[in-house]
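Each protein sequence line maps, in turn, to chains A and B.
In this text, residue positions in the first sequence follow my numbering: the first is 35, and each later residue adds one.
In this text, residue positions in the second sequence follow my numbering: the first is 35, and each later residue adds one.
2 protein chains.
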Amino acid sequence: MARKTGADGRVTAEAILRESLSLFAQYGFATVSMRQIADKVGVQPGAIYQHHRNKQQLLVAVLDTHMDGLLKASAENQQGDCTSVQALERFARFHIQYHITRPDEVFVSYMELRSLEEEGYALIEGKRRKYERILKSILERGVSDGTFQLDDPHVSAMAILSMLTGVNTWYRSGGRLSQQKIEDIYTSMVLGAVGHRLPDTHS
Amino acid sequence: MARKTGADGRVTAEAILRESLSLFAQYGFATVSMRQIADKVGVQPGAIYQHHRNKQQLLVAVLDTHMDGLLKASAENQQGDCTSVQALERFARFHIQYHITRPDEVFVSYMELRSLEEEGYALIEGKRRKYERILKSILERGVSDGTFQLDDPHVSAMAILSMLTGVNTWYRSGGRLSQQKIEDIYTSMVLGAVGHRLPDTHS
DNA sequence: GTCTATATGAAGATAGAC
DNA sequence: GTCTATCTTCATATAGAC
Chain A
35 MARKTGADGR VTAEAILRES LSLFAQYGFA TVSMRQIADK VGVQPGAIYQ
85 HHRNKQQLLV AVLDTHMDGL LKASAENQQG DCTSVQALER FARFHIQYHI
135 TRPDEVFVSY MELRSLEEEG YALIEGKRRK YERILKSILE RGVSDGTFQL
185 DDPHVSAMAI LSMLTGVNTW YRSGGRLSQQ KIEDIYTSMV LGAVGHRLPD
235 THS
Chain B
35 MARKTGADGR VTAEAILRES LSLFAQYGFA TVSMRQIADK VGVQPGAIYQ
85 HHRNKQQLLV AVLDTHMDGL LKASAENQQG DCTSVQALER FARFHIQYHI
135 TRPDEVFVSY MELRSLEEEG YALIEGKRRK YERILKSILE RGVSDGTFQL
185 DDPHVSAMAI LSMLTGVNTW YRSGGRLSQQ KIEDIYTSMV LGAVGHRLPD
235 THS
């Protein structure tokens with residue numbers, strides 16, 4: 035009794051991903067129970083197992099959805115010809131924008147890598163590497179055409195990604211600075227870090 | 035029977051902190067059980083409650099020990115007169131060294147902030163802020179004496195800290211690059227990011 | 001300071017009805 | 001696709017002996 039009739043499987047599936055993400059972000063994967071997720075979605079715990087084999091696979095689905103979105107959006111962002119500097123600036127602004135507008139996804143993606151078992155870890159880590167390679171390629175191009183001055187594109191790429199992603203540790207919307215201003219500051223710092231300087235950064 | 039006699043409380047206390055840190059780093063606070071910790075230490079679960087009121091207070095103790103060590107070491111590092119550039123370079127090298135040699139402490143300190151309840155969070159966050167202020171002060175000094183070019187010392191400080199701390203996400207000892215080389219790369223990037231350039235960075 | 005024993009609760013996952 | 005009911009396991013924490 036009290037069983038839902040006419041429920042839409044797709045709607046439930048999306049709700050499970052959405053609420054899992056939100057709960058994982060707030061409390062951490064390990065502390066969130068299937069019951070909590072089911073409550074938020076408005077179904078019984080057992081219903082989740084219709085969509086995911088177990089809790090681990092649910093986490094993999096959440097992270098995989100995020101990584102696919104990130105890779106797709108970043109591919110669209112890098113279309114068209116441009117100089118190395120333009121490519122780097124475009125990458126930096128894209129990364130900040132994408133991350134700043136999806137705090138939960140980003141937070142969970144970074145925090146819960148450790149909660150992944152071998153198979154899921156390999157999948158997600160592979161996609162992370164793919165994303166890192168986009169930046170690394172931009173840096174390598176800038177080094178070979180003499181635009182950037184840096185010793186090691188791989189290390190610089192990792193350093194830049196840490197810096198950019200770190201914006202999520204302190205940024206809260208509605209704060210002192212506009213999103214545009216934050217983008218400007220970070221972009222300028224990134225260009226400086228690779229040995230290039232924006233003409234009129236400092237007003 | 036089989037009860038330990040002549041056990042040293044101080045030794046046990048230290049072992050609890052050490053093994054907790056190690057387990058929290060490996061599996062995450064939420065997944066580690068008091069039993070696991072007790073097993074590693076070589077005592078019974080109940081014995082841990084002689085030293086910590088509950089699991090939450092144990093985490094606070096672990097993080098607090100780390101923060102105190104960091105603040106003490108960084109205070110010692112910043113002694114003596116120096117220019118803004120020297121201070122920034124010294125800070126960057128210190129931060130990298132300290133973090134690279136304590137991967138577990140750093141990892142847990144960043145990952146488990148979320149696991150802290152209100153009171154413990156306030157304590158640890160206060161000490162984090164204190165550490166951040168050291169860098170922010172260096173940047174402010176560099177701006178006012180014209181050495182650095184940046185719009186917002188607070189944001190720049192956060193960005194630099196993210197970048198420097200991020201070294202722990204990829205660095206593994208015995209890798210391709212020496213610790214010294216990594217310090218050099220990061221220091222050079224930090225100086226570039228604040229609008230200053232090292233004379234002979236690029237060899 | 002450490003032990004054994006245990007109270008109490010909640011977790012992940014499954015079975016089978018509707 | 002969702003429900004109820006339940007199996008099994010393991011968690012934190014406490015009590016009281018030595």
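Every residue gets a Cβ at the ideal spot worked out from N, C-alpha and C, and that includes glycine.
Report the three-state DSSP secondary structure of residue i (helix, strand or coil).
i                     : result
residue 124 (chain A) : helix
residue 148 (chain B) : helix
residue 211 (chain A) : coil
residue 99 (chain A)  : helix
residue 156 (chain B) : helix
residue 184 (chain B) : coil
residue 175 (chain B) : helix
residue 67 (chain B)  : coil
residue 117 (chain B) : coil
residue 80 (chain A)  : helix
residue 86 (chain A)  : coil
residue 226 (chain B) : helix
Under a CB-based cut-off of 9 Å, is residue i close to chain B?
i                     : result
residue 195 (chain A) : yes
residue 69 (chain A)  : no
residue 134 (chain A) : no
residue 274 (chain A) : This structure does not reach residue 274 (chain A), given that chain A is present from 35 up to 237, and the question cannot be answered.
residue 164 (chain A) : no
residue 212 (chain A) : no
residue 126 (chain A) : no
residue 117 (chain A) : no
residue 218 (chain A) : yes
According to the Cβ coordinates, are residue i and residue j closer than 9 Å?
i                     : j                     : result
residue 49 (chain A)  : residue 200 (chain B) : no
residue 72 (chain A)  : residue 81 (chain A)  : yes
residue 211 (chain A) : residue 129 (chain A) : no
residue 143 (chain A) : residue 101 (chain A) : yes
residue 150 (chain B) : residue 93 (chain B)  : yes
residue 220 (chain B) : residue 126 (chain B) : yes
residue 154 (chain A) : residue 97 (chain A)  : yes
residue 114 (chain B) : residue 183 (chain B) : no
residue 138 (chain A) : residue 51 (chain A)  : no
So, is the C-beta of residue i closer than 9 Å to a C-beta in chain A?
i                     : result
residue 222 (chain B) : yes
residue 161 (chain B) : no
residue 156 (chain B) : no
residue 148 (chain B) : yes
residue 186 (chain B) : yes
residue 83 (chain B)  : no
residue 62 (chain B)  : yes
Is any heavy atom in the ligand ZN found nearer than 8 Å to the beta carbon of residue i?
i                     : result
residue 218 (chain B) : Of the ligands one can find in the structure shown there are none, so the ligand ZN has no counterpart to examine.
Is there contact here, the segment 83 to 90 of chain B with the segment 156 to 170 of chain B, by at least three beta-carbon pairs under 8 Å?
As far as the Cβ criterion goes, the segment 83 to 90 of chain B does not touch the segment 156 to 170 of chain B, which means the pair count is below three.
For the pair the segment 116 to 131 of chain B and the segment 55 to 62 of chain B, tell me if three or more CB-CB distances fall below 8 Å.
Proximity of the segment 116 to 131 of chain B to the segment 55 to 62 of chain B falls short of the contact definition, fewer than three beta-carbon pairs being nearer than 8 Å.
Contact the segment 172 to 186 of chain B vs the segment 108 to 118 of chain B: 3+ CB pairs below 8 Å:
yes
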